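Since the structure comes first, as structure tokens, the remarks are kept for the end.
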Amino acid sequence: MNKRDRIIFTVVTALFSAHMLFTVVAYIFMHDMVSEMFVSLGVSPSIIYPLAIAKVLGLIAIWTNKSRILKELAYLGFATDFVLAIAFHLKVADGGAVAAMVALVMLIVSYIFGRKRSQNANVSTAVE
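So that you can map any letter, position 100 of the sequence shown is 100 in the working numbering, and since no number is skipped, the others follow by simple counting.
Here it is, written out as structure tokens:
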């Protein structure tokens with residue numbers, strides 16, 4: 001992975017992580033407001049705390065690079081979350097779909113450049 005690709009991965013993944021951590025903080029410390037939003041979207045608010053935990057664990061899986069399978073599952077979980085968020089926000093036409101779309105784009109860019117990073121690490125390990 002060249003320097004440009006590494007910078008793109010790091011910056012985009014850091015921005016994505018900041019966005020996710022902001023939502024986790026909102027889920028925990030603004031639970032009543034978030035609960036109202038979930039109800040208005042037709043989603044049970046009982047999923048808020050498990051979703052916050054899943055987001056933190058997903059970020060850990062993406063950054064630590066310990067398990068390829070866990071990392072892939074984290075990206076899949078985030079993608080599923082964002083696609084559903086986009087659909088629910090579009091359904092109620094509250095304008096919230098834009099933030100989910102931006103997060104999805106950041107996720108895709110992070111995934112593409114993260115795969116390049118992993119592939120290059122595997123190639124350099126195989127050469128040694």
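Idealized CB from N, CA, C, for every residue including glycine.
Just so it is clear, the structure is predicted and the values come from calculations on it, not from any experiment.
Which whole-angstrom value describes the C-beta separation of residue i and residue j, a residue pair presumed to lie in contact below a C-beta threshold of 8 Å?
i       : j      : result
Leu-107 : Ala-85 : About 12 Å separates the two Cβ atoms, so there is no contact after all.
With distance defined between alpha-carbon atoms, name the residue in the options nearest to residue i.
i       : options                             : result
Leu-57  : Gln-119, Ser-35, Leu-21 and Gly-114 : Leu-21
Met-101 : Val-25, Phe-82 and Ala-26           : Phe-82
Please state the DSSP three-state secondary structure of residue i.
i       : result
Val-12  : helix
Asn-65  : coil
Asp-5   : helix
Gly-95  : coil
Met-101 : helix
Taking 9 Å as the cut-off, decide whether the C-beta atoms of residue i and residue j are in contact.
i       : j       : result
Thr-13  : Phe-113 : yes
Gly-77  : Ala-54  : yes
Asp-32  : Lys-116 : no
Ser-35  : Val-92  : no
Ser-118 : Lys-71  : yes
Counting along the chain, where does the alpha helix (DSSP H) carrying residue i start and finish?
i       : result
Gly-77  : 68-92
Pro-136 : Here the chain comprises residues numbered 1 to 128, so residue 136 is not present and cannot be evaluated.
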